[in-house]
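Undergrad:
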Amino acid sequence: MCLVIPGIFFDYQNVYLYAVMKVITAFGILLICTFSLFAQQVEVPESLSLFRQSKNVEWGVSLGPELKFSSLNGDFVSALGSRLDVSIQNCFTVGIAGYLMSGNSEFVRRMSSGDDSTFIASYNSFGIHLKYIFFKNSPVHISIPVFFHGGVVKVQKEVGVYVDPFYGTTSDYEVYEGNSFVAIEPGIYLELDLTETFHMFAGLTYKYVIESGVESFSEEEIQAMAFVMGLKFGKQ
Numbered sequence: 000m001c002l003v004i005p006g007i008f009f010d011y012q013n014v015y016l017y018a019v020m021k022v023i024t025a026f027g028i029l030l031i032c033t034f035s036l037f038a039q040q041v042e043v044p045e046s047l048s049l050f051r052q053s054k055n056v057e058w059g060v061s062l063g064p065e066l067k068f069s070s071l072n073g074d075f076v077s078a079l080g081s082r083l084d085v086s087i088q089n090c091f092t093v094g095i096a097g098y099l100m101s102g103n104s105e106f107v108r109r110m111s112s113g114d115d116s117t118f119i120a121s122y123n124s125f126g127i128h129l130k131y132i133f134f135k136n137s138p139v140h141i142s143i144p145v146f147f148h149g150g151v152v153k154v155q156k157e158v159g160v161y162v163d164p165f166y167g168t169t170s171d172y173e174v175y176e177g178n179s180f181v182a183i184e185p186g187i188y189l190e191l192d193l194t195e196t197f198h199m200f201a202g203l204t205y206k207y208v209i210e211s212g213v214e215s216f217s218e219e220e221i222q223a224m225a226f227v228m229g230l231k232f233g234k235q
């Protein structure tokens, strides 16, 4: 598993970083204020893992892989991601997260010439992840995450089909579009502390698009509910 960073997102670093910077600018002040508020006012609760290991964490760092199942343009898609979190006072986390979509969404559109063309699409996202944890003194607890992120949708157009002697019928694609979007993604997780440094979680989120420059899809076709599951290693 690897931590996804902006530099590997296709070859659209400038478009992608522009989207991310708008997210960071919009929520930077909120992040700083929230960080300070929880660090000063929230008392640290003593909590237990599933195997009864007590802990009392004022600050902690955790990292882990995530798998997200969602939709793009009505098609089922999955994305692999990573998240690095800093835990504050045992009940609030702030971090960065990135997701890389696995596979592609295929669709057909009629062009201005009247011909139907086949396209494939995929997306990646990267941004700031905030989370508040309820009932942290229990090994099983609920959390409310909010993911502020920018993303890039890459659309490729089929330009030819040929028969490969080893792989059969194969299509050639060229890049048709690579534009960005900005979204907010709140959700709810059910989390399980197996040990003091090993955690599991699963839950639902909904991606709401704030702004989009993607021409191939409407905002509604990018917006979607997602099922998320993952592991966390470290103290939180």
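If you count the sequence shown from 1, position 165 lands on 164 in numbering that gives the first Met the number 0, and the numbers rise without skipping.
For glycine and all other residues, C-beta sits at the position ideal for the given N, C-alpha and C.
Here the structure is a predicted model, which means the values were calculated and not measured.
1) Can you check whether the CB of Gly-59 is closer than 8 angstroms to the CB of Ser-81?
2) Taking only runs that begin and end inside the region 169-224, name each unbroken alpha helix (DSSP H) of 4 or more residues, in chain order.
3) Does DSSP classify Pro-64 as helix, strand or coil?
4) Have a look at the DSSP bridge pairing and note the partners of Lys-130.
5) I need the straight-line Cα distance from Ser-142 to Pro-64, nearest angstrom please.
6) Based on Cα-Cα distance, which residue from Ser-69, His-128, Thr-117 lies nearest to Thr-92?
7) In three-state terms, what does DSSP make of Lys-234?
8) From the DSSP secondary-structure annotation, give me the bridge partner or partners of Asn-123.
9) Nearest to Phe-146 by alpha carbon, out of Ile-209, His-140, Lys-135, Asp-171?
10) I need the straight-line Cα distance from Gln-222 to Tyr-205, nearest angstrom please.
11) Where does Ser-70 fall in DSSP's three states?
12) Please report the Cβ distance between Pro-144 and Tyr-188, rounded to the nearest whole angstrom; I am assuming they are in contact, meaning their Cβ atoms lie under 8 angstroms.
13) For Asp-84, count the other beta carbons within 10 Å of its own beta carbon; 16 or more makes it buried, fewer makes it exposed. Which is it?
14) Along the chain, where does the beta strand (DSSP E) that runs through Glu-105 open and close?
15) Does the structure place the region 174-194 close enough to the region 145-163 that three or more beta carbon pairs sit under 8 angstroms?
16) Are at least three pairs of beta-carbons, each pair with one atom in the region 152-162 and one in the region 192-202, less than 8 angstroms apart?
17) Ser-179 and Gly-212: beta carbons closer than 8 angstroms?
18) Of all the options Cys-90, Gly-113, Ile-119, which has the alpha carbon lying nearest to the alpha carbon of Lys-234?
TA: Judging by the given coordinates:
1) no
2) 218-221
3) strand
4) Thr-92, Pro-144
5) 17 angstroms
6) His-128
7) coil
8) Leu-99, Val-151
9) Ile-209
10) 7 angstroms
11) strand
12) 6 angstroms
13) buried
14) 104-109
15) yes
16) no
17) yes
18) Cys-90
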